[in-house]
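What follows is one structure encoded as structure tokens, with my remarks underneath.
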Amino acid sequence: YYILEKGYNSMPINLPGTLFNKSMKARKELAQILAQIISTRREMKKDHQDLLSSFMGDKESLTDEQIADNVIGVIFAARDTTASVLTWIIKYLAENPSVLQAVTEEQEAIIKGKEESGE
Numbered sequence: 844y845y846i847l848e849k850g851y852n853s854m855p856i857n858l859p860g861t862l863f864n865k866s867m868k869a870r871k872e873l874a875q876i877l878a879q880i881i882s883t884r885r886e887m888k889k890d891h892q893d894l895l896s897s898f899m900g901d902k903e904s905l906t907d908e909q910i911a912d913n914v915i916g917v918i919f920a921a922r923d924t925t926a927s928v929l930t931w932i933i934k935y936l937a938e939n940p941s942v943l944q945a946v947t948e949e950q951e952a953i954i955k956g957k958e959e960s961g962e
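Using the working numbering, the letters of the sequence shown map in sequence onto residues 844 to 962.
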């Protein structure tokens, strides 16, 4: 993933040794790993109720390559936005102790409820 990310914004010259070339190789390897996961999932015939299952169950019948492309796209789209959101949440909670206390109490109640129900 990190090799692919480094080459993502590099000069798109596919010559051996360039960041772009390395990222294309990494992308191909990642797609092969995803293809194996997709193949295994298809053999299991079980709905995992996750993003991959939703792509695989798409009524428009995406190809395995299209599914892998979508998963790779989601990974890239989610990385920076998730880090940014988490940073802002931590900053906000640090600046607002009463909100932090309320969130902490809410999470503790959820955990207690799950423990009591055996989840």
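Virtual Cβ for every residue (Gly too), placed ideally from N, Cα, C. For clarity, every value in this text was computed on a predicted model and none was experimentally measured.
Range of the contiguous alpha helix (DSSP H) that encloses residue i
i    : result
S904 : No alpha helix (DSSP H) contains S904, which DSSP labels as neither H nor E.
L943 : 940 to 960
Cα-Cα separation between residue i and residue j, rounded to whole angstroms
i    : j    : result
E938 : L929 : 14 Å
G956 : P940 : 24 Å
F898 : Q879 : 15 Å
K889 : S896 : 9 Å
L862 : A869 : 10 Å
H891 : V914 : 15 Å
Spatially closest choice to residue i from the options, by CA coordinates
i    : options                : result
A911 : F863, Q944, I846, I881 : I881
G916 : L877, N857, T861       : L877
Q909 : A874, T925, E959, S960 : A874
Problem - Inside the region 869 to 934 only - alpha helix (DSSP H) runs reaching at least 4 residues - result: Complete alpha helix (DSSP H) runs here, min 4: 894 to 899.
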